[in-house]
Amino acid sequence: MGHSRNTVRRLVVTAATEGSRKSKESQPSWANPDSDEPPPWAREEGRSSTSQESIEVPFYVYLLASAITAIAAIGSVFEYSSKNPVFGVLDSDSIFYTPVLGFFAFTGIPTSVFLWFKSVEAANKEAAEQDKRDGYR
């Protein structure tokens, strides 16, 4: 075969630029053992004040409210079309039957869409804040 099994091969690593040869691996300042700087995920803990102006609703609350509202609105449409009262609060021959179901159907769907958009907005805001804390933006 012509190849000798006793051949020693060496791997030589060279720096691509002078800067990469001179610098050691970059380490964040908060990772140094003698640093008093907290890591990015713990920076907001010390700044939390007791007098917050507004309470932010988590995105999943908006999403859950949107789903419940959409189910109620679509259920109102089905109940009106079948004239079969599900909960028995209003009979189908009541004078308030059509206005109440119409109110839920016509206001429930836009409200559900609004709540869904609010949930997406809140989730995006939460993700952007987390990215900022992690140092990505």
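No gaps in the numbering here: position 16 of the sequence shown is 16 in the working numbering, and each next residue is one more. Even glycine gets a Cβ: it sits at the ideal position worked out from N, Cα and C. Note that the coordinates shown come from a computational prediction; the quantities given were computed from them, not determined experimentally.
Can you name, in chain order, every residue of its own chain whose Cβ lies under 8 Å from the Cβ of residue i, other than the five neighbours on each side?
i	result
Trp41	Arg133, Asp134
Using a Cβ-Cβ cutoff of less than 7 Å, which residues in the same chain neighbour residue i once the five nearest sequence positions on both sides are dropped?
i	result
Lys118	Tyr62
Below 8 Å on the Cβ atoms is my contact criterion, and I expect residue i with residue j to pass it. Report the Cβ-Cβ distance as a whole number of Å.
i	j	result
Ser76	Leu101	4 Å
Leaving aside the five residues before and after residue i along the sequence, list all residues of the same chain whose C-beta is less than 6 Å from its C-beta, in chain order.
i	result
Glu37	Ser29, Trp30
Applying the 10 Å Cβ sphere with the 16-neighbour rule, what's the burial state of residue i?
i	result
Ala128	exposed
Thr98	exposed
Phe106	exposed
Ser141	The chain is shown from 1 up to 137; residue 141 falls before or after that span and cannot be answered.
Thr156	Because the chain here runs from 1 to 137, residue 156 falls outside it and cannot be looked at.
Gly88	exposed
Ser112	buried
Glu121	exposed
Glu126	exposed
Just to confirm before moving on: does the CB-CB distance between residue i and residue j stay below 8 Å?
i	j	result
Ala72	Phe104	yes
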